[in-house]
Amino acid sequence: MKETLEKPQQITFDITDRCQMQCITCSKWKTNSIDVIDKELSTEDWKKVLFDLHSWLGEGFWFCFSGGEPFLRPDIFELSDYAHSLGIKIASMTNAFGIQNLYEKIINSHIESLNISLNSINNHNIHDLSRGRNGAYEKALEAITNLKKLRDEKKSNLGINISTIMFPENIDEIIPLVEFVTRNKINGIMFQLLDDKESFHGYNVQTSCNTQNYKMPQNLRNKYFNMSKKAIEVIDKLIEMKRAGHSIYNSFEQLEAMKVFFKNPDDILEEIKCDVGSTNYAIDPYGNVRLCFNMEPVGNVKENKPQEIWESVNAHNCRYLTKSCKMYCRMLNCNFKGNFVNFNKSFITKFKNKILKVFAGKF
Ligand SMILES: C[S@@+](CC[C@H](N)C(=O)[O-])C[C@H]1O[C@@H](n2cnc3c(N)ncnc32)[C@H](O)[C@@H]1O
Ligand code: SF4
Ligand code: SF4
963 MKETLEKPQQ ITFDITDRCQ MQCITCSKWK TNSIDVIDKE LSTEDWKKVL FDLHSWLGEG
1023 FWFCFSGGEP FLRPDIFELS DYAHSLGIKI ASMTNAFGIQ NLYEKIINSH IESLNISLNS
1083 INNHNIHDLS RGRNGAYEKA LEAITNLKKL RDEKKSNLGI NISTIMFPEN IDEIIPLVEF
1143 VTRNKINGIM FQLLDDKESF HGYNVQTSCN TQNYKMPQNL RNKYFNMSKK AIEVIDKLIE
1203 MKRAGHSIYN SFEQLEAMKV FFKNPDDILE EIKCDVGSTN YAIDPYGNVR LCFNMEPVGN
1263 VKENKPQEIW ESVNAHNCRY LTKSCKMYCR MLNCNFKGNF VNFNKSFITK FKNKILKVFA
1323 GKF
């Protein structure tokens, strides 16, 4: 029987690989501007993709600008206006390092949800060290404070969220971060497992990973092992806090899965099949489309329409490979089944029934 192909639900535009940070967990910042600036899709190219996506999918998808640092592209505001005119709801990630002159613009823009990366709250050095730049903490905090103040003054609906990677050095910062979010009426926080740096390369240099025979590097395995006991205690506390009403966006299912992961990462490969092939659609700065960001592109929007790429033989083959993949990045927020919906409340309301079905099919 022929399998029915669903439409993608989570669209990401990685509008640039360029970045001004030097994170120790990611090497996108190594992208040399001179090598890529002329290769990135133009404003008009991205608008055309938005138009084609909307013609195909309507408004029923979760949409995010990411990168690299998406605010290094000044046309992010023009693209947001255009997406909004089509009825698309917009989220964006940022390291908040270079947005100090953009607060007004962000508040007045059609971006509905801004996710600021922040890896510590009490110990400033942890964030700065993770981001490889002094002053990163100060700028992120300044952005959160000023955007919130401006949002409240202007009665804007911008959702301000925090995204935090969990790693051994910041494990004692996780609960204080949630308390900070609640105390300061920030919309919410989402925790991300530390993933292999292999997965966080600029797309201009990324060669696809050997997903079928992947072995977790021993140093990463040791990191997980060493933080395991503490991490499980912290996640238990997060579950308790989420039940008590703290705005933690990770689903209960994902938090439980994180505990399983910390007990033994390999169990996850058996327990959770990666679903990116039927949900995710990520377009890199050069127009390449990936369903899985660690596999070869399945097409390019400069050559084909988004729908043709989704229904192509390449996409079909990629979906097949996702089913036997040996990597752990299925645990990442953007890949964990059903998770992305937590970011966008209006999406939840609109697609409640569909989401309930997704959760029901899991665990
Ligand atoms: C690749 S960045 C792009 C957006 C923006 N530059 C930022 O840092 O927010 C998206 C998210 O990935 C996270 N990230 C980076 N390296 C990671 C890793 N090795 N494992 C898990 N998440 C990672 C970042 O902290 C950030 O929240
Ligand atoms: S995680 Fe974000 S801020 Fe850090 S290097 Fe990667 S793209 Fe830049
Ligand atoms: S776990 Fe999923 S997202 Fe990660 S490499 Fe495998 S198929 Fe791709």
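Going by the numbering used here, the residue at position 74 of the sequence shown is 1036; the numbering climbs one at a time, nothing skipped.
Even for Gly, the Cβ is constructed at its ideal location relative to N, Cα and C.
Predicted model only: the values in this text are computed from it and were never measured.
query, result
"In this structure, how does DSSP classify residue 1293 when only helix, strand and coil are distinguished?", "helix"
"Tell me which residues share the same chain as residue 1003 and place their Cβ nearer than 6 Å to its Cβ, disregarding the 5 neighbours each side in the sequence.", "1249"
"Beta strand (DSSP E) containing residue 1251: first to last residue?", "1250 to 1252"
"So, does the stretch 1035 to 1045 touch the stretch 1056 to 1075, judging by three or more C-beta pairs under 8 Å?", "yes"
"Quick one: residues in its chain with C-beta nearer than 7 Å to the C-beta of residue 1236, no 5 flanking neighbours on either side, listed in chain order?", "1284, 1287, 1292 and 1297"
"Contact check, residue 1032 vs residue 1242 under 8 Å by CB: the rounded distance?", "Not a contact, Cβ separation roughly 18 Å."
"Classify residue 966 as buried or exposed, calling it buried when 16 or more other Cβ atoms lie within 10 Å of its own Cβ.", "exposed"
"At a threshold of 6 Å, does residue 1280 count as lining ligand 3 (C-beta to nearest heavy atom)?", "no"
"Find out if the Cβ-Cβ distance for the pair residue 978, residue 1159 is shorter than 7 Å.", "no"
"Can you tell me the Cβ-Cβ gap for residue 1330 and residue 1030, rounded? I've got them flagged as a contact below 8 Å.", "Any answer about residue 1330 is impossible in this case: the structure gives the chain only from 963 up to 1325."
"Identify, in the order they occur along the chain, each residue of the same chain with its Cβ nearer than 6 Å to the Cβ of residue 1194, setting aside the five sequence neighbours on each side.", "1221 and 1224"
"Could you tell me the distance, in whole angstroms, from the CA atom of residue 1097 to the CA atom of residue 1105?", "12 Å"
"Ignoring anything shorter than 4 residues, give me the alpha helix (DSSP H) runs that lie fully in the stretch 1047 to 1087, in order along the chain.", "1065 to 1070"
"Could you name each continuous alpha helix (DSSP H) segment of 4 residues or more that falls completely within the stretch 1176 to 1252, going from the start of the chain to the end?", "1180 to 1205, 1214 to 1225, 1227 to 1233 and 1238 to 1241"
"Give me the Cα-Cα distance between residue 1279 and residue 1227, rounded to the nearest whole angstrom.", "26 Å"
"Have a look at residue 1103 and residue 1088 and give me their C-alpha separation to the nearest angstrom.", "14 Å"
"In the DSSP output, which residue or residues are listed as bridge partners for residue 973?", "1025 and 1243"
"Go ahead and pull the three-state DSSP assignment for residue 1033.", "helix"
"Name the DSSP bridge partner or partners of residue 1154?", "1127"
"If we ignore side chains and look at the alpha-carbon of each, how far apart do residue 1014 and residue 1267 end up?", "7 Å"
"Strictly closer than 5 Å from CB to any heavy atom of ligand 3: give me those residues in the order they appear in the chain.", "1173, 1236, 1238, 1254, 1256, 1284, 1287, 1289, 1291, 1292 and 1297"
"Between residue 990 and ligand 2, is the CB less than 6 Å from at least one heavy atom?", "yes"
"Which residues bound the alpha helix (DSSP H) around residue 980?", "Premise fails: residue 980 is in no alpha helix (DSSP H) and is neither H nor E."
"In whole angstroms, what is the alpha-carbon distance linking residue 1094 and residue 1026?", "25 Å"
"Going by the C-beta, is residue 1057 closer than 6 Å to any heavy atom of ligand 2?", "yes"
"Does any heavy atom of ligand 1 sit closer than 6 Å to the C-beta of residue 1185?", "no"
"Spell out a yes or no on whether the stretch 1116 to 1129 and the stretch 1076 to 1084 are touching, meaning 3 or more CB-CB pairs, one atom from each, closer than 8 Å.", "yes"
"Can you list, in chain order, the residues of its chain whose CB lies under 6 Å from that of residue 1035, leaving out five sequence neighbours each side?", "977 and 978"
"By the DSSP assignment, the alpha helix (DSSP H) with residue 996 in it spans what residues?", "995 to 998"
"Round the Cβ separation of residue 1140 and residue 1217 to the nearest angstrom and send it over; I've been treating them as touching at under 8 Å.", "The pair is not a contact, with the Cβ atoms about 12 Å apart (cut-off 8 Å)."
"Given the structure, does residue 1097 come close to ligand 2, in the sense that its CB is under 6 Å from one of the ligand's heavy atoms?", "no"
"Tell me where the alpha helix (DSSP H) around residue 1268 begins and ends.", "1268 to 1272"
"Buried or exposed: where does residue 1244 fall if 16 or more other Cβ atoms within 10 Å of its Cβ makes it buried?", "buried"
"Report yes if the CB atom of residue 1289 is closer than 7 Å to the CB atom of residue 1173, and no otherwise.", "yes"
"My output table needs one value for residue 1148: the three-state DSSP class, helix, strand or coil.", "coil"
"Taking the straight line between their C-alpha atoms, what separation do you get for residue 1052 and residue 1118?", "14 Å"
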